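Going from the sequence shown to this note's numbering is simple: count from 1 and add 173.
Ideal Cβ positions, reconstructed from N, Cα and C, are used throughout, including at glycine.
Because the structure is a prediction, the values reported are computed rather than measured.
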Amino acid sequence: MQQSSAPDCRARVVVLKTGSTYPGLLARFGDFEDWFLRGLSPELDITVINVEAGELPGNPEDWNGIVVTGSPAMVSDRDEWSENTGAWLARAAAAGIPVLGVCYGHQLLAHALGGEVGYHPDGRETGTHEVELLPEAGTDPLFRDLPARFPAQLTHRQSVLRLPPDAVLLGRNRFEPHQAFRIGSCTWGVQFHPEFTNTVMRAYLEVQAPDLAREGLDAQALIAGVQASPEASSLLPRFSRLVIERVR
174 MQQSSAPDCR
184 ARVVVLKTGS
194 TYPGLLARFG
204 DFEDWFLRGL
214 SPELDITVIN
224 VEAGELPGNP
234 EDWNGIVVTG
244 SPAMVSDRDE
254 WSENTGAWLA
264 RAAAAGIPVL
274 GVCYGHQLLA
284 HALGGEVGYH
294 PDGRETGTHE
304 VELLPEAGTD
314 PLFRDLPARF
324 PAQLTHRQSV
334 LRLPPDAVLL
344 GRNRFEPHQA
354 FRIGSCTWGV
364 QFHPEFTNTV
374 MRAYLEVQAP
384 DLAREGLDAQ
394 ALIAGVQASP
404 EASSLLPRFS
414 RLVIERVR
């Protein structure tokens, strides 16, 4: 468990670590939680809990905000740690604590709240791809003021196949119909990666290249197509501000 030394008066945010990146990327970039820590506000008091390793985050009410990382695991495998984390997140959502689930975290939220998660029927989505926001995003506390279309970094094989009841769909693209959703007033899931830089995305594609070739995807074209995604990355400081404002 990793905890900051910030004063107790700061908003307390827990980052639920649900896995680790490719071993070859760790030395270059650090692990998933490091990428989130770089994007979230330094004004937050952030604790990292490795739920995949069995660490427990306490009561949802202990936190002012919750972030859930991506993972190489698959939600549909229903590993014990994952199911336990999903049940905990359902409690957090019911308690009205702001939650941001990313990739695996997005899928786990959907699963825990009554949706369906499984392998995408068309295979893998990876690289930089455009996300289209729906009109509902225009009044959303996290997405409002973002452009209607923006590039985002993506890498996933599983998807939210069916949204939970009462979910508000906020974003999509041609490949993935459920790129972003909200439940209630402050529980969000995003399939894309706001914590990825374009450098990290290229490194992912380089590692994935043999698998991409076997799947009929052009790794070199995907690498050449990587671009910066500042609008997608802005979700982390946006979420930070939302949590801080709720505490004040």
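Distance between residue j and residue i (C-alpha atoms, nearest Å)
| i | j | result |
| --- | --- | --- |
| isoleucine 356 | alanine 266 | 8 angstroms |
| alanine 285 | leucine 262 | 7 angstroms |
| leucine 415 | alanine 200 | 32 angstroms |
| alanine 268 | proline 233 | 8 angstroms |
| histidine 293 | alanine 401 | 25 angstroms |
| arginine 345 | glutamine 352 | 5 angstroms |
| leucine 408 | aspartate 318 | 11 angstroms |
| valine 333 | valine 363 | 10 angstroms |
| arginine 297 | phenylalanine 348 | 9 angstroms |
| glycine 231 | asparagine 223 | 12 angstroms |
| glutamine 393 | leucine 229 | 41 angstroms |
| cysteine 182 | arginine 419 | 13 angstroms |
| serine 193 | serine 244 | 6 angstroms |
| glycine 274 | leucine 281 | 8 angstroms |
| leucine 390 | valine 304 | 20 angstroms |
| arginine 295 | proline 337 | Reading off the sequence shown, one finds aspartate at residue 295, where the question assumed arginine. Going by the C-alpha atoms only, they are around 22 angstroms apart. |
| serine 177 | valine 188 | Below a pLDDT of 50, predicted positions are generally treated as unreliable, and serine 177, at 44, falls in that range; no measurement from the model is reported. |
Bridge partners - residue i, DSSP secondary structure assignment
| i | result |
| --- | --- |
| alanine 325 | His302 |
| asparagine 223 | Lys190 |
| valine 399 | BP columns for valine 399 are empty, so no partner. |
| glycine 291 | Ser332 |
| arginine 185 | Asp218 |
Whole-number beta carbon distance between residue j and residue i, since they are thought to touch under 8 angstroms
| i | j | result |
| --- | --- | --- |
| tyrosine 277 | threonine 191 | 5 angstroms |
Given 8 angstroms, three or more beta-carbon pairs between the region 237-247 and the region 318-327
With a cut-off of 8 angstroms, the region 318-327 and the region 237-247 do not count as touching, because too few Cβ pairs lie within range.
Threshold first: 4 residues or longer. Then list the alpha helix (DSSP H) segments lying entirely within the region 307-374, N to C.
Qualifying alpha helix (DSSP H) stretches: none in this window.
Does the region 216-223 come close enough to the region 245-253 to have 3 or more Cβ pairs within less than 8 angstroms?
Output reads no: the region 245-253 does not touch the region 216-223.
Counting beta carbon pairs with one atom in the region 365-380 and one in the region 200-210, are three or more of them shorter than 8 angstroms?
Short answer: they touch.
Runs of beta strand (DSSP E) lying entirely within the region 206-282, each at least 3 residues, in chain order:
Within the region 206-282, the complete beta strand (DSSP E) runs of at least 3 residues are 218-223, 238-241, 272-275.
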